[in-house]
Amino acid sequence: MGATKVVTDASFTTDVLKSDKPVLVDFWAEWCGPCRKVSPLLEEIAGEMGDQVTIVKLNIDENPETARAYRVMSVPTLTVFKNGEPVQSIAGAKPKGELVRLIESAL
1 MGATKVVTDA SFTTDVLKSD KPVLVDFWAE WCGPCRKVSP LLEEIAGEMG
51 DQVTIVKLNI DENPETARAY RVMSVPTLTV FKNGEPVQSI AGAKPKGELV
101 RLIESAL
């Protein structure tokens, strides 16, 4: 992994909900083709916007509690959390510009 960080059910509260800056959570799965398309875009964005936002990845198969808690029905689901609350969410593979706009809407 490059600029993105892996989170788990156990670390979600600390890494996401208690973060002092907005966090984009990539809910993904190993078997998900569109997730593999989004991943390099998120790495790029993390490298470019890392001072403004934290980008994390949560594998829904390994961390079902968090995925269930936020009603993640399809992957990839990208959710921006700010001050411990989900503020924006999109499902499916999106182009980089749309991902950046999603993040900027929460800044």
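Quick note on numbering: UniProt numbering labels position 101 of the sequence shown as 101, and the sequence is numbered without any gaps. We put the beta carbon where it would ideally sit given N, CA and C, even for glycine.
- Straight-line spacing of the CA atoms in residue 63 and residue 101 works out to 27 Å.
- For the set 46, 21, 35, 51, the Cα lying nearest the Cα of residue 85 is the one of 21.
- Rounded to the nearest whole angstrom, the C-alpha separation of residue 45 and residue 38 is 11 Å.
- In the three-state DSSP reduction, residue 8 falls in the coil class, being neither helix nor strand.
- Taking a C-beta distance under 8 Å as the contact criterion, residue 26 and residue 57 qualify as a contact pair.
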